[in-house]
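Letter by letter, the sequence shown follows residues 29 to 748 in our numbering. For each residue, glycine too, the CB sits at the ideal point set by N, CA and C. Treat the numbers as computed from the prediction; the structure is a model and nothing was measured. Beneath this line is the structure, given in structure tokens, with notes to follow.
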Amino acid sequence: MEKTMKKYNYLPAVLLLPLLCATGAQAADNEVTGFVMPSVKSVHISGNKAKYGEYGDPDSNISGSVEVKSESDTGYVTFNAADIAQDTQNYKIEGGQYGKFRLDAFYNEIQHNNTFDAKTFYAGGVGTNQLTSPLSNVRYGQAITPDMVILGNTFDYKVSRDQYGAGLRLDLMKPFFANLSVSREDRQGLKPIGAANSSFPAELPEPVDYKTNIIQAEVGYGKNPYFASVGYTHSNFDNAYDALYFTDIYATANQTSFVSLPPDNDYSKFDLKGRVKLPLKSALALAYSESQATSEATLASTLNAGGTIRTITLGDSLFDGRVDTTNYSAVLTSSPLDFLDGKIFYKNYETKNKSDKISIIESGTTGQLGNDLFDYNKESYGIEVGLKLPGRVTLTPFYTKVETKRPFTLLPSTAEFNPSYDVTTDDNIYGINAKWKGTDFISANIGYERLDRDDNMDSFRMKHGDTDLDPYTRESYIASQKKNTYKLGFDVFPTDTLSLGFTLKHKNIDYDETQVGLTGERSTSYGASASFTPNDTVSFSAYANYETATREQLVRTGAGATTGSPVDTDPTDAAYNITTTLEDKSFDWGVGVNVVAIPKTLILSAQFDHTRSDGLVDYTYGPTSAAVPPAGWTNETIDFSSWDDYKKDALQLKGTYSLSAKVDLTGGYAYEKYKYSDGHYDNYRNVYNASATAGGYLSGANANPDYTANVVFLAAKYKF
Numbered sequence: 029m030e031k032t033m034k035k036y037n038y039l040p041a042v043l044l045l046p047l048l049c050a051t052g053a054q055a056a057d058n059e060v061t062g063f064v065m066p067s068v069k070s071v072h073i074s075g076n077k078a079k080y081g082e083y084g085d086p087d088s089n090i091s092g093s094v095e096v097k098s099e100s101d102t103g104y105v106t107f108n109a110a111d112i113a114q115d116t117q118n119y120k121i122e123g124g125q126y127g128k129f130r131l132d133a134f135y136n137e138i139q140h141n142n143t144f145d146a147k148t149f150y151a152g153g154v155g156t157n158q159l160t161s162p163l164s165n166v167r168y169g170q171a172i173t174p175d176m177v178i179l180g181n182t183f184d185y186k187v188s189r190d191q192y193g194a195g196l197r198l199d200l201m202k203p204f205f206a207n208l209s210v211s212r213e214d215r216q217g218l219k220p221i222g223a224a225n226s227s228f229p230a231e232l233p234e235p236v237d238y239k240t241n242i243i244q245a246e247v248g249y250g251k252n253p254y255f256a257s258v259g260y261t262h263s264n265f266d267n268a269y270d271a272l273y274f275t276d277i278y279a280t281a282n283q284t285s286f287v288s289l290p291p292d293n294d295y296s297k298f299d300l301k302g303r304v305k306l307p308l309k310s311a312l313a314l315a316y317s318e319s320q321a322t323s324e325a326t327l328a329s330t331l332n333a334g335g336t337i338r339t340i341t342l343g344d345s346l347f348d349g350r351v352d353t354t355n356y357s358a359v360l361t362s363s364p365l366d367f368l369d370g371k372i373f374y375k376n377y378e379t380k381n382k383s384d385k386i387s388i389i390e391s392g393t394t395g396q397l398g399n400d401l402f403d404y405n406k407e408s409y410g411i412e413v414g415l416k417l418p419g420r421v422t423l424t425p426f427y428t429k430v431e432t433k434r435p436f437t438l439l440p441s442t443a444e445f446n447p448s449y450d451v452t453t454d455d456n457i458y459g460i461n462a463k464w465k466g467t468d469f470i471s472a473n474i475g476y477e478r479l480d481r482d483d484n485m486d487s488f489r490m491k492h493g494d495t496d497l498d499p500y501t502r503e504s505y506i507a508s509q510k511k512n513t514y515k516l517g518f519d520v521f522p523t524d525t526l527s528l529g530f531t532l533k534h535k536n537i538d539y540d541e542t543q544v545g546l547t548g549e550r551s552t553s554y555g556a557s558a559s560f561t562p563n564d565t566v567s568f569s570a571y572a573n574y575e576t577a578t579r580e581q582l583v584r585t586g587a588g589a590t591t592g593s594p595v596d597t598d599p600t601d602a603a604y605n606i607t608t609t610l611e612d613k614s615f616d617w618g619v620g621v622n623v624v625a626i627p628k629t630l631i632l633s634a635q636f637d638h639t640r641s642d643g644l645v646d647y648t649y650g651p652t653s654a655a656v657p658p659a660g661w662t663n664e665t666i667d668f669s670s671w672d673d674y675k676k677d678a679l680q681l682k683g684t685y686s687l688s689a690k691v692d693l694t695g696g697y698a699y700e701k702y703k704y705s706d707g708h709y710d711n712y713r714n715v716y717n718a719s720a721t722a723g724g725y726l727s728g729a730n731a732n733p734d735y736t737a738n739v740v741f742l743a744a745k746y747k748f
């Protein structure tokens, strides 16, 4: 697939900019402060190493951090470095002259470890976009299938992100100012992707080789009572691979299939911002922006369908994608009286999809398909008033109106399941928040919010065969709903040494016009925290949070391909109604203590945290269902108890000893234990039976995440 998009690199001199920061301070008058802190960490992990260090460096290492600041009356230079030589190292240098300019440059590394030692039967190409295997005509149950993964290649699912850039701010011509920044991100590694070719589902290692360049510029004017600015942003995304090609081992010959990968794209944005102060302690803020995202891709003209090569007739072999976005808003704030303030706002967000509409006709099939072009428009306005009452009470009522339109168009000839309508939702959101500062030892807040959402789906005619399904089914994010949210919290300070906090939140959503699909959601959370400092030597802290969440839905299977079997009729044949209730309960708690064992010399601390979540899926077959629970099961025993269950315990013991006013030693021990259970991952198998003869092949992504970690660490900090 040939690429034709133009590429950019905005960082030809980014590494030179830090040298300019030396002009930020006068050497003769400088005061230099900072610290240097080398560190060492020993890590022993039993279990899943990648899960323990999912967003960090899971290995034993020698590292450190540095901070240096040189400052004078006219300027400054600062340098910061952390996690040196680790997978998460970061550096930043900044300098400038006060009231004139500021320069900065940075370098960051971000790591995401998914799974180590994943396996694939592809003999070659892991890490590229060409996965190859000598296998063909493989059927599930053959002697070869158990050995395919056991003897397969091993690799790591992990992605590294290197970010670097620089910025400049000029204030030499006040009240005018200018900002310019350039940055780049290089992202490399492997991540899992699912692929299917008729009878051949598989989990494959997708190569990640992305480059993103961003340039931002802004000029403006800022002097009381006015502010105005003009900005421009341009970004360019480049993916080294347009598609991932892989051998279809189910086919009788070594045929190749592919999965499309994210295409190259360009993004540009122009924006205007302004603000003016008005009488009566008021201010009006205005904003407007236009952006455009473009991409292009060469489309495939053949398709491997279970070993059969089919020809695809396209309206155009080159797809040009384009989405234009317009966003504007106005916000008026005012505080005309000491006891009264308020805000009125209007916002409009709109996208227009101006991409190519391309017809698709696959050989061996009838009818024409195509790509739908989706637009989007969200318009909102509202008001919020703050009223200070006697007794240290503040009331804040609010109201917001939101209208969202999701129109899209279709090709002249489409599949019967393609709906051709515009979805519109109207939201009325209103409520009130109250705060009571009470006395010096107690304060409280309470809030209520109501959302009434109406949709226009009653007028739709989405068909299943010759039978209308709507308005029986709705997608939850666009469905009519009634949502109530209640919040309560208060803080108590009975003594100067003790503080207590309590929170309560309840949310209830009723999808009142949905009969098939998600019909309701409920959640309730409770929280408590405490801090106790009896003297200058010791302090204690504790917290606990408990939450329950429930989602209810009705799953419906029609009686046949030409019978929609709406929910209010008796089902026949293999049709059924199943009510599914998903329940999640989570409980977090922790305790900590901090002890000044030797004043100004030795500080000891300990912290323990426990997190757990238990899930349950309650299945109930409807009384009129033709399909009953499988033999040997009842509505009471068919429930699914292993649903996203996890537990994590974490303990940290730490001590800091001050050898002198300039040298501190810190050492400690950390323990973590994580256990996860879910029916989809328990008893994990790399090869499973997808159909009578075809196997499904998993590489091990996210499998067996349990781990136990023991960490010992030591650091020495020198201050100057």
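Closest residue to residue i among the options (Cα-Cα distance)
i	options	result
N732	D706, T721, A743	D706
K239	L327, D294, T629	D294
I138	D190, F107, N157	D190
D184	D175, A230, P235, Q158	P235
G708	Y685, S669, G696	The sequence shown places His at residue 708, not Gly. Comparing Cα-Cα distances from H708 to each of Y685, S669, G696, the minimum goes to S669.
A722	S310, N165, Q125	N165
D400	R550, I388, G392	I388
A269	S263, Y260, S288, A146	Per the sequence shown, residue 269 should be read as Tyr rather than Ala. Selected option, being the one with the closest Cα: S288.
N157	N267, D369, T513, F518	N267
R167	S362, T280, L368	T280
N264	G250, A256, V258, Q244	Q244
P522	L681, F426, E477, D468	D468
T102	V94, Q125, D677	Q125
Environment of residue i [buried if 16+ CB atoms lie within 10 Å]
i	result
E503	exposed
L742	exposed
I277	buried
A224	exposed
P307	exposed
K202	exposed
T432	buried
G398	buried
D111	buried
Q241	Reading the sequence as shown, one finds Asn at residue 241 and not Gln. Classification for N241: buried.
R584	buried
K106	For clarity, residue 106 is Thr in the given sequence; the question names Lys instead. Classification for T106: buried.
G728	buried
V210	buried
Neighbourhood of residue i by C-beta, 8 Å cutoff - its chain only, sequence neighbours within 5 removed
i	result
Y735	I73, S74, G75, N76, K77, K79, Y80, E700, K701, Y702
A507	R481, D483, M485, Y539, E541, T542, G545, L546
Contacting residues, own chain, Cβ-Cβ under 7 Å from residue i (five flanking each side not counted)
i	result
Y374	S357, A358, Y409
Q581	G545, L546, T547, T608
G695	G683, F741, L742
Y83	Q139, H140
Supposed close pair residue i, residue j - CB separation, criterion 8 Å
i	j	result
D292	S317	Incorrect: roughly 23 Å between the Cβ atoms, too far for contact.
D455	V430	4 Å
K219	V187	6 Å
S329	L342	7 Å
Residues near residue i in its chain [Cβ-Cβ closer than 6 Å; skip 5 each side]
i	result
Y254	V304
E59	E99
A230	A223, Y725
V798	In this structure the chain extends from 29 to 748, so residue 798 is not present and cannot be described.
D214	D190, K239
E549	I537, R579
L528	V520, A558
Y716	G724
V624	T565, I631
Residue-level contact to chain C via CB, residue i, 9 Å cutoff
i	result
G545	You won't find chain C in this structure, because it holds only one protein chain.
Residue i Cβ short of 8 Å to the ligand FAD heavy atom set
i	result
Q509	Inclusion of the ligand FAD in the displayed structure is not the case, the ligand content being empty and no account of it being possible.
What residue ranges within the stretch 646 to 696 form continuous beta strand (DSSP E) runs of no fewer than 3 residues, ordered along the chain? At a cut-off of 3 residues, the continuous stretches assigned as beta strand (DSSP E) that sit fully inside the stretch 646 to 696 are 673 to 686.
With a floor of 3 residues, list each beta strand (DSSP E) that falls wholly inside the stretch 313 to 342, ordered by position along the chain. Correct list: 330 to 333, 336 to 342.
In chain order, which alpha helix (DSSP H) runs of at least 4 residues are fully inside the stretch 137 to 164? Fully enclosed alpha helix (DSSP H) runs of 4 or longer: not present.
Can you check the stretch 366 to 395 for any beta strand (DSSP E) of at least 3 residues that lies completely inside it and give the ranges in chain order? With a minimum length of 3 residues, the continuous beta strand (DSSP E) runs that stay inside the stretch 366 to 395 are 368 to 381, 387 to 390.
Contiguous beta strand (DSSP E) assignments of at least 3 residues, all confined to the stretch 195 to 261: With a minimum length of 3 residues, the continuous beta strand (DSSP E) runs that stay inside the stretch 195 to 261 are 204 to 224, 229 to 251.
Which ranges does the beta strand (DSSP E) cover as unbroken runs of at least 3 residues, wholly within the stretch 67 to 143, from first to last along the chain? Within the stretch 67 to 143, the runs of beta strand (DSSP E) at least 3 residues long that lie entirely inside it are, in chain order, 89 to 99, 103 to 110, 118 to 125.
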